[in-house]
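If you read the sequence shown in my numbering, its first letter stands for residue 78, the second for the next number, and so on.
Ideal Cβ placement from N, Cα and C applies to all residues, glycine included.
Computed from a predicted structure; not experimentally measured.
Worksheet for the structure shown next.
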Amino acid sequence: MNTNIILDKLPQYTQNGLRLRTDFRESIKFELLMQDNKLDERTKVMQALKLYYYDISKITDLKQAIADILWFYSRGKQELKTNKTSGQTKNIKQIYSYEFDDEYIYSAFMEQYKLDLNSIKYLHWWKFKSLINGLNENIHFVKIMGYRSIDLSQIKDKDMKAKYKKLKQQYALPDMRTAEEKEADFGKAFW
């Protein structure tokens with residue numbers, strides 16, 4: 078059953094009664110941790126547990142503790158992106174980064190919500206994500222995500238295509254893949 082952000086009290090504990098750190102900063106750190114190619118999986122798991130749980134010594138079921146983190150991070154929703162016809166998971170292109178877009182995100186919240194993300198004492202992750210998802214199309218950060226996600230092959234007008242190609246390049250996120258991942262992706266292009 079999904080939690081309704083309007084009607085229900087937002088979770089602070091796992092189903093097993095373990096208290097979670099629910100501030101938006103912890104989930105941003107979690108996302109950055111999962112994107113760090115320099116860390117092995119075991120280190121990521123241990124750091125994730127320390128990020129979210131107040132007392133990791135009370136964890137009795139590691140698999141459940143990890144599942145609870147993923148459930149919380151995804152806001153209690155199934156967010157696996159699948160192809161509707163084939164059911165296969167799609168490789169979704171990243172259009173934002175908490176690491177590289179921090180100033181854009183900060184200014185977006187100031188502009189639209191008059192909310193200072195740096196000085197606010199606490200904001201539940203689920204509320205933060207609802208606010209970020211609700212940013213209006215006139216916000217610079219939303220425009221940037223649009224430039225990054227635009228499919229240039231769908232633009233027929235030559236001048237418009239050139240304009241959006243330039244914007245897409247100007248606001249592109251750095252390629253954080255390892256050399257091995259780049260090679261594998263290159264090889265996939267031929268199969």
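Taken through DSSP and simplified to helix, strand or coil, Y199 comes out as coil. By the Cβ-count criterion, I133 is exposed, with fewer than 16 other Cβ atoms from all chains shown falling within 10 Å of its own Cβ. Runs of alpha helix (DSSP H) with 4 or more residues, each lying fully within the stretch 177-246, are found at 179-190, 202-210, 217-226, listed in chain order. For Y90, the beta-bridge partners assigned by DSSP are R96. According to the DSSP secondary-structure assignment, Y130 is paired through a beta bridge with L97. Here F186 has L192, L194 as same chain residues with Cβ atoms under 6 Å from its own Cβ, once five neighbours each way along the sequence are excluded.
9 Å or more divides the Cβ of I105 from the Cβ of Y129. Cβ atoms of R225 and K206 stay farther apart than 8 Å, at about 19 Å. For Q141, the enclosing alpha helix (DSSP H) starts and ends at 139-150.
Rounded to whole angstroms, I197 and D100 show a C-alpha spacing of 10 Å. Here W203 is near T80, since their CB atoms are less than 9 Å apart. When the Cα atoms are used, K238 and L229 turn out to be separated by approximately 6 Å.
Annotated three-state conformation of Q112 is helix, per DSSP. Counting only the Cα atoms, I136 lies some 37 Å from P251. Between the C-alpha atoms of K121 and E188 there is a straight-line separation of about 34 Å. Inter-residue distance for Y131 and L95 is about 8 Å (C-alpha atoms, whole angstroms). Annotated as proximal: I209 and I182, with beta-carbon spacing under 9 Å. Here DSSP, grouped into helix, strand and coil, assigns K135 to helix.
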